[in-house]
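Participant: First the structure, which I've put down as structure tokens, then a few questions once you've had a look.
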Amino acid sequence: MDCIFCRIINRELPAARIFEDSDVISFLDINPVNFGHTLVVPKRHYELLLDIPGVELGRVTKILPSIARAVMAATKADGLNVFQTNGPCAGQTVPHLHFHIIPRHTHDDFSFGWRQKKYRGDEMARMQTDIISALKNVGV
Ligand code: 5GP
Ligand code: ZN
């Protein structure tokens, strides 16, 4: 498969590896927001968060806090972002599920540029109803 992360996992491409077990790999992002920006990746190829079975996702998220603590300690960060993209419209450039751990420093001159729209009238209540009813179909 022509997936850059699968090729890293299969050792066909180099990466600055941080951690590896039978299910999860973690390595430095090649173009970091800040130095120490680390990716945590399931070894099996799933494109989206929506695709991975819960048990396998659990193995990935179980390791996330330890890697986050290590990144924080090694970079002397003041905080961190855990970030995840699904689909090109959401900024996903590598179609293999991954979590970004981004160490943050006070005054590091980076912002996600979060915008904040406003609901009007009953828009929020209708959105709530629509998502609750969709959740019944999806199942928990
Ligand atoms: P996305 O935009 O899909 O959420 O993030 C993909 C990330 O993978 C980007 O931050 C990008 O810098 C990183 N990346 C892309 N190709 C490589 C690579 O070959 N090696 C490493 N270590 N990181 C990569
Ligand atoms: Zn892959």
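For the sequence shown, my numbering gives the first residue as 215, with consecutive numbering after it.
Cβ atoms here follow ideal geometry from the backbone N, Cα and C, with glycine treated the same way.
In the DSSP assignment, find the unbroken alpha helix (DSSP H) run with Ile281 in it and report its ends.
Facilitator: For the purposes of this step, residue 281 is taken as the residue at position 67 of the sequence shown. Note, Ile281: alpha helix (DSSP H), Gly268 to Thr289.
Participant: Who are the Cβ neighbours of Gly301 in its own chain at under 8 Å, not counting the five residues just before and after it?
Facilitator: Along the sequence shown, read from residue 1 onward, the residue named residue 301 stands at position 87. Excluding sequence neighbours, Gly301 sits near Leu262.
Participant: Quick one: Cα of Asp243 to Cα of His314, how far?
Facilitator: What you label residue 243 is simply residue 29 of the sequence shown in a count that begins at 1. What you label residue 314 is simply residue 100 of the sequence shown in a count that begins at 1. Their backbone Cα atoms lie some 8 Å apart in a straight line.
Participant: Can you tell me the Cα-Cα spacing of Arg231 and Ala282, whole angstroms?
Facilitator: Here residue 231 refers to the residue found at position 17 of the sequence shown. Here residue 282 refers to the residue found at position 68 of the sequence shown. So the two alpha carbons sit approximately 14 Å from each other.
Participant: Just to confirm the assignment: which complete beta strand (DSSP E) runs, minimum length 3, are found wholly within the stretch 227-263?
Facilitator: If we require 3 residues or more, the beta strand (DSSP E) runs fully inside the stretch 227-263 come out as 231-234, 238-242 and 252-256.
Participant: Grouping DSSP H, G and I as helix and E and B as strand, with all else coil, what is Val352?
Facilitator: In the sequence shown, counting from the first residue as 1, residue 352 sits at position 138. Val352 falls in the helix class under three-state DSSP.
Participant: Is the beta carbon of Ile266 within less than 8 Å of some heavy atom of ligand 4?
Facilitator: Among the ligands modelled here, namely ligand 1 and ligand 2, ligand 4 does not occur.
Participant: Under 9 Å, do Phe219 and Val247 count as touching if we go by C-beta distance?
Facilitator: Working through the sequence shown from its first residue, we reach residue 219 at position 5. Working through the sequence shown from its first residue, we reach residue 247 at position 33. No, the pair does not count as a contact, with Cβ atoms beyond the cut-off.
Participant: Grouping DSSP H, G and I as helix and E and B as strand, with all else coil, what is Pro302?
Facilitator: Position 88 of the sequence shown holds residue 302. Helix at Pro302.
Participant: What are the boundary residues of the beta strand (DSSP E) that Arg329 is part of?
Facilitator: As a position in the sequence shown, residue 329 is number 115, starting the count at 1. Neither: Arg329 is in no beta strand (DSSP E) and is coded neither H nor E.
Participant: Out of curiosity, what's the CA-to-CA distance linking Gly164 and Leu311?
Facilitator: Limits of the chain in this structure are 215 at one end and 354 at the other, which puts residue 164 out of reach.
Participant: Could you compute how far the alpha carbon of Val308 sits from the alpha carbon of Gln342?
Facilitator: For this step, residue 308 is matched to residue 94 along the sequence shown. For this step, residue 342 is matched to residue 128 along the sequence shown. Spanning the two alpha carbons is a distance of roughly 31 Å.
Participant: Considering only the alpha carbon of each residue, which of Phe324, Ile346, Arg273 and Tyr260 lies closest to Ser236?
Facilitator: Position 22 of the sequence shown, counting from 1, holds the residue named residue 236. Comparing Cα positions, the closest option is Arg273.
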